[in-house]
């Protein structure tokens, strides 16, 4: 069995460190993030990602997947901590915390790490502000077999607890990159790739558009949509019909409707 | 100009009443809910729904739509309150509150109020727990021209601040009903209507399914999906393909992907 360290007090420096990872400023400095739940941690392990620190509630029920995870973390030289549920609740900020959480090193989010040939679909979000939407886009990306999510300009932090939670593990299975618009366009034009904007203005119906792989589906900010100048640089602008009073969809919903259309059409 | 009452203190009973509407227990008792922002309130007015109480920040900028709203509320015998931004922030629970909010009477959510002939698409959610997902489904419903959203069993409160906010005004344009499963099935079978389950098990691809209007698209709980016995009572079970490691989509995303497919196919 792997060696464990038991944490007894709320004021323990390790507890303070773990709690600080819920705060963006500290995450940025440490370049580490927190993910909760056996399922997420198992998804991570199956994607060959192990936590540097594994945190377990002392009152947890035994589970074979947790035992395997513990062994894997120990074998990789990681740290294993045990603490009471009420201390773990302080760490994760949830009243009924999951029995296990992990501290992971942030991924390298440079565009150069993206190999566009690995998937016919890539999701791209510009100035996406809501971490729940961001996590949901990762989850949708996984579902459509996308390669990953590229974040343009100032987006919500993909390593926040909310985004990681909403991704339902897809943070570990999808590639993640972050870039300014100019940098992204330069990278994109170095190889094959069709850039498709979810437009609120263009008359092209999203069901009639000629999608081509690798297809980069771009969704804009929750309240502003995409800047005109960005849309103009896209290869295709498509519109999802709006039959009601509203003029737009939730950004993650718009991304999903486009992604499933592209998936179906590219599979024909 | 409409008569106004100015509220000066945090401890004013009206402020306490307004704040209490953020709490489900109080909302239930009062059968009233809070909606924020000029845009939402304008959506409401254009749907012939006026707030019983209109709350405005004393530091607001003048706006023609706000002036019209004020007149309409006064003409309907409603109350108009003015308060400092910091008091309004306490009411809405947001640091930078919108300059205007309204207190509305909850709608009648009995199934009997639904006229299924008014739309080819209806969204149905079972045991939906997340108010953001619920509001997003209302918003999507508006976008596809659905008639409304029917909530089955124990769902999140559609009148919570989070759900109202996520609906982006669709809480006022979509019909809303709430019922137990048995009650819903009995009502449904009294007239025409195809009940379509978003299934995680059935092999029928959602793009191949024979949708028929009025089409009731049913999505299940965020973590459990639909109970088997419910799926069995549906006319059609359809599956959205999952190409990755995850076995499900976000519930609001699944509803939207189905709704847009049904919209396109029923419009053919």
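Chains as they are written, first to last, in the working numbering: chain V, 213 to 480; chain R, 213 to 480.
Ideal Cβ placement from N, Cα and C applies to all residues, glycine included.
These figures come from a predicted structure and were not determined experimentally.
Are the Cβ atoms of residue 409 of chain R and residue 430 of chain R separated by less than 8 Å?
Numbered from 1 along the second chain, position 197 holds the residue referred to as residue 409 of chain R. Numbered from 1 along the second chain, position 218 holds the residue referred to as residue 430 of chain R. Yes, these two residues count as a Cβ contact at 8 Å.
For the alpha helix (DSSP H) that contains residue 210 of chain R, what are its first and last residues?
What the structure shows of chain R is the stretch from 213 to 480, and residue 210 of chain R is not part of that stretch, so it cannot be assessed.
Mind pulling the chain R residues with CB within less than 9 Å of residue 356 of chain V?
Taking the first residue of the first chain as position 1, residue 356 of chain V is located at position 144. Going along chain R in sequence order, the residues near residue 356 of chain V (Cβ under 9 Å) are 453, 454, 455, 456.
Could you give the first and the last residue of the continuous beta strand (DSSP E) run that contains residue 170 of chain V?
Look at the range of chain V in this structure, 213 to 480, and you will see that residue 170 of chain V is not part of it.
What number of angstroms, rounded off, separates the C-alpha of residue 331 of chain V from the C-alpha of residue 379 of chain V?
Within the first chain, the letter at position 119 stands for residue 331 of chain V. Within the first chain, the letter at position 167 stands for residue 379 of chain V. About 19 Å.
Backbone CA spacing between residue 233 of chain R and residue 345 of chain V [nearest angstrom]:
Walking along the second chain from the start, residue 233 of chain R turns up at place 21. Walking along the first chain from the start, residue 345 of chain V turns up at place 133. Roughly 26 Å separates the two Cα atoms.
Measuring straight from C-alpha to C-alpha, what distance separates residue 376 of chain V and residue 386 of chain V?
Against the first chain, residue 376 of chain V aligns to sequence position 164. Against the first chain, residue 386 of chain V aligns to sequence position 174. About 12 Å.
If distances are taken between C-alpha atoms only, which option among V:370, V:451, V:439, V:381 comes closest to residue 411 of chain V?
In the first chain, the residue the question calls residue 411 of chain V occupies position 199. Per the Cα distances, V:451.
Closest Cβ-Cβ distance between residue 268 of chain R and chain V: below 8 Å?
Residue 268 of chain R sits at position 56 when you count from the first residue of the second chain. Chain V contact via Cβ: absent.
I'd like the list of long-range same chain contacts for residue 248 of chain V, defined as Cβ closer than 6 Å, with 5 residues on each side in sequence excluded.
As a position in the first chain, residue 248 of chain V is number 36, starting the count at 1. So the list reads 304, 310, 313, once near-sequence residues are dropped.
Buried or exposed (CB count within 10 angstroms, at least 16 for buried), residue 348 of chain R:
Working through the second chain from its first residue, we reach residue 348 of chain R at position 136. Buried, because 16 or more other Cβ atoms sit within 10 Å of the Cβ of residue 348 of chain R.
Could you check what DSSP says for residue 402 of chain V in three-state terms: helix, strand or coil?
Counted from its first residue, the first chain places residue 402 of chain V at position 190. Residue 402 of chain V: coil per DSSP, three-state reduction.
Taking just the CA atoms, how far does residue 279 of chain V sit from residue 432 of chain V?
For the purposes of this step, residue 432 of chain V is taken as residue 220 along the first chain, with counting starting at 1. For the purposes of this step, residue 279 of chain V is taken as residue 67 along the first chain, with counting starting at 1. Distance between the alpha carbons of residue 432 of chain V and residue 279 of chain V: 42 Å.
Can you have a look at residue 287 of chain V and say buried or exposed, based on whether 16 or more other CB atoms are within 10 angstroms of its CB?
For the purposes of this step, residue 287 of chain V is taken as residue 75 along the first chain, with counting starting at 1. That one is exposed.
For residue 462 of chain R, count the other beta carbons within 10 Å of its own beta carbon; 16 or more makes it buried, fewer makes it exposed. Which is it?
The count along the second chain starts at 1 and reaches residue 462 of chain R at position 250. Residue 462 of chain R should be labelled buried.
Contact with chain R by residue 220 of chain V, beta-carbon distance below 8 Å:
If you number the first chain from 1, residue 220 of chain V lands on position 8. Chain R, which has no Cβ nearer than 8 Å to the Cβ of residue 220 of chain V, makes this no.
For residue 390 of chain R and residue 363 of chain R, which I take to be in contact (beta-carbon distance under 8 Å), what is that distance rounded to the nearest angstrom?
Translated into positions along the second chain, residue 390 of chain R becomes position 178. Translated into positions along the second chain, residue 363 of chain R becomes position 151. Sure, about 5 Å apart at Cβ, within 8 Å.
By Cβ distance below 7 Å, which residues in the same chain neighbour residue 299 of chain R in space, the five residues on each side in sequence not counted?
For the purposes of this step, residue 299 of chain R is identified with residue 87 of the second chain, where counting begins at 1. Hits under 7 Å: 219, 222, 227.
Compare the C-beta of residue 380 of chain V against all C-beta atoms of chain R and say whether one is closer than 8 Å.
Position 168 of the first chain, counting from 1, holds the residue named residue 380 of chain V. Answer yes: the Cβ-Cβ gap between residue 380 of chain V and chain R drops below 8 Å somewhere.
Taking just the CA atoms, how far does residue 318 of chain R sit from residue 440 of chain R?
The residue you call residue 440 of chain R lines up with position 228 of the second chain. The residue you call residue 318 of chain R lines up with position 106 of the second chain. Spanning the two alpha carbons is a distance of roughly 33 Å.
Residues bridged to residue 314 of chain V by DSSP?
Within the first chain, residue 314 of chain V is the residue found at index 102, counting from 1. Answer is V:247, V:266.
Determine the DSSP secondary structure at residue 279 of chain V, reduced to helix, strand or coil.
On the first chain, position 67 is the one that residue 279 of chain V refers to. Correct three-state label for residue 279 of chain V: helix.
Between which two residues does the beta strand (DSSP E) containing residue 323 of chain R stretch?
Residue mapping note: residue 323 of chain R aligns to position 111 of the second chain, counting from 1. Where residue 323 of chain R is concerned, there is no enclosing beta strand (DSSP E), given that its DSSP letter is neither H nor E.
Could you work out which residues of chain R lie near residue 340 of chain V, taking near to mean beta carbons separated by less than 8 Å?
Your numbering for residue 340 of chain V matches position 128 in the first chain. Chain R residues near residue 340 of chain V: none, gap ~15 Å exceeds 8 Å.
DSSP state of residue 336 of chain R, grouped into three classes?
Within the second chain, the letter at position 124 stands for residue 336 of chain R. DSSP places residue 336 of chain R in strand when its eight states are reduced to three.
Short CB-CB distance (under 8 Å) between residue 462 of chain R and chain V:
Along the second chain, read from residue 1 onward, the residue named residue 462 of chain R stands at position 250. Yes, because at least one Cβ of chain V sits closer than 8 Å to the Cβ of residue 462 of chain R.
Between the Cα of residue 474 of chain V and the Cα atoms of V:322, V:420, V:366, which residue gives the shortest distance?
The residue labelled residue 474 of chain V in the question sits at position 262 within the first chain. Comparing Cα positions, the closest option is V:420.
Check whether residue 301 of chain R and residue 350 of chain R have beta carbons under 8 Å apart
Working through the second chain from its first residue, we reach residue 301 of chain R at position 89. Working through the second chain from its first residue, we reach residue 350 of chain R at position 138. Cβ distance not < 8 Å, so residue 301 of chain R and residue 350 of chain R don't count as in contact.
Would you mind working out which of V:273, V:282, V:324 sits nearest residue 403 of chain V, comparing C-alpha positions?
For the purposes of this step, residue 403 of chain V is taken as the residue at position 191 of the first chain. Residue V:324 is the option with its Cα nearest to residue 403 of chain V.
At 4 residues or longer, what runs of the alpha helix (DSSP H) sit wholly inside the stretch 364-417 of chain R?
373-379, 382-385, 393-400
Going along chain V in order, which residues have a C-beta closer than 8 Å to the C-beta of residue 305 of chain R?
Here residue 305 of chain R refers to the residue found at position 93 of the second chain. Within chain V, no residue comes near residue 305 of chain R; the closest Cβ sits about 17 Å away, beyond 8 Å.
Just the chain R side, please: which residues come within less than 9 Å of residue 423 of chain V by C-beta, in chain order?
Taking the first residue of the first chain as position 1, residue 423 of chain V is located at position 211. By Cβ distance, chain R contributes nothing, its closest Cβ being about 15 Å from residue 423 of chain V, past 9 Å.
Check whether chain V comes within 8 Å of residue 255 of chain R, counting only Cβ atoms and requiring the distance to be less than that.
For the purposes of this step, residue 255 of chain R is taken as the residue at position 43 of the second chain. Chain V, which has a Cβ nearer than 8 Å to the Cβ of residue 255 of chain R, makes this yes.
Can you confirm whether residue 431 of chain V, when its beta carbon is compared against all beta carbons of chain R, has any partner nearer than 8 Å?
Here residue 431 of chain V refers to the residue found at position 219 when the first chain is read from its first residue. By this cut-off, residue 431 of chain V is not an interface position.
Contact check, residue 425 of chain V vs residue 470 of chain V, beta carbons under 8 Å:
Taking the first chain and counting its residues from 1, the one referred to as residue 425 of chain V is at position 213. Taking the first chain and counting its residues from 1, the one referred to as residue 470 of chain V is at position 258. No, Cβ-Cβ distance for residue 425 of chain V and residue 470 of chain V is not below 8 Å.
Straight-line gap, residue 242 of chain R to residue 326 of chain R (C-alpha atoms, nearest Å)
Numbered from its first residue, the second chain carries residue 242 of chain R at position 30. Numbered from its first residue, the second chain carries residue 326 of chain R at position 114. Each residue's alpha carbon lies about 24 Å from the other.
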